[in-house]
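Asks: I'd like to ask some things about the structure below.
In this note's numbering, the protein residues as written are 14 to 113.
Encoded structure:
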């Protein structure tokens, strides 16, 4: 995945959307867990953007990995960031050289 602000936003938005889904499924329970997870994802995305803008690519890579770890429970979701090519289209895993 590219280390640019758009990548951070895309991964964060995916996580936030899944957290919203989970909150609706658990309603009226789970509010505290939702808020803690949403805050953690939001903070990671902001710190990622700061690292990218500061050209601190090692930190950016680590923070992006942490965001991807947050997205891991939904790996099979069709919109998971790892399932998309750089141009935003879903990758065709039947094509040699594409990542699974």
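We treat Cβ as the ideally placed atom computed from N, Cα and C, and that holds for glycine.
Treat the numbers as computed from the prediction; the structure is a model and nothing was measured.
Relative to the alpha-carbon of residue 33, which residue among 63, 84, 64 has its alpha-carbon at the smallest distance?
Replies: Counting from one through the chain shown, the residue named residue 33 turns up at place 20. It is 84.
Asks: Using 10 angstroms around the beta-carbon of residue 67, count the other beta-carbons present and answer buried if the total reaches 16, otherwise exposed.
Replies: Looking up residue 67 in the chain shown gives position 54. Residue 67 comes out exposed.
Asks: Could you say if the stretch 72-81 and the stretch 24-42 meet the contact criterion of at least three C-beta pairs nearer than 8 Å?
Replies: Yes: the two stretches touch, three or more of their Cβ pairs being nearer than 8 Å.
Asks: Do you know whose CA, among 30, 18, 19, lies nearest residue 90's CA?
Replies: Here residue 90 refers to the residue found at position 77 when the chain shown is read from its first residue. Of the candidates 30, 18, 19, the one whose C-alpha sits nearest the C-alpha of residue 90 is 30.
Asks: Nearest CA to the CA of residue 75: which residue from 86, 87, 88, 60?
Replies: Taking the first residue of the chain shown as 1, we reach residue 75 at position 62. Residue 75 has its Cα closest to that of 60, out of 86, 87, 88, 60.
Asks: For residue 97, name the three-state secondary structure that DSSP assigns.
Replies: What you label residue 97 is simply residue 84 of the chain shown in a count that begins at 1. In the structure shown, residue 97 sits in a strand (DSSP, three-state: E or B).
Asks: How should residue 9 be labelled, buried or exposed, when 16 other C-beta atoms within 10 angstroms of its C-beta is the threshold for buried?
Replies: A question about residue 9 goes unanswered here, because the residues of the chain that appear run from 14 up to 113.
Asks: Can you give the Cα-Cα distance for residue 73 and residue 43, rounded to whole angstroms?
Replies: As a working mapping, residue 73 is identified with position 60 in the chain shown. As a working mapping, residue 43 is identified with position 30 in the chain shown. C-alpha separation (whole angstroms): 30 Å.
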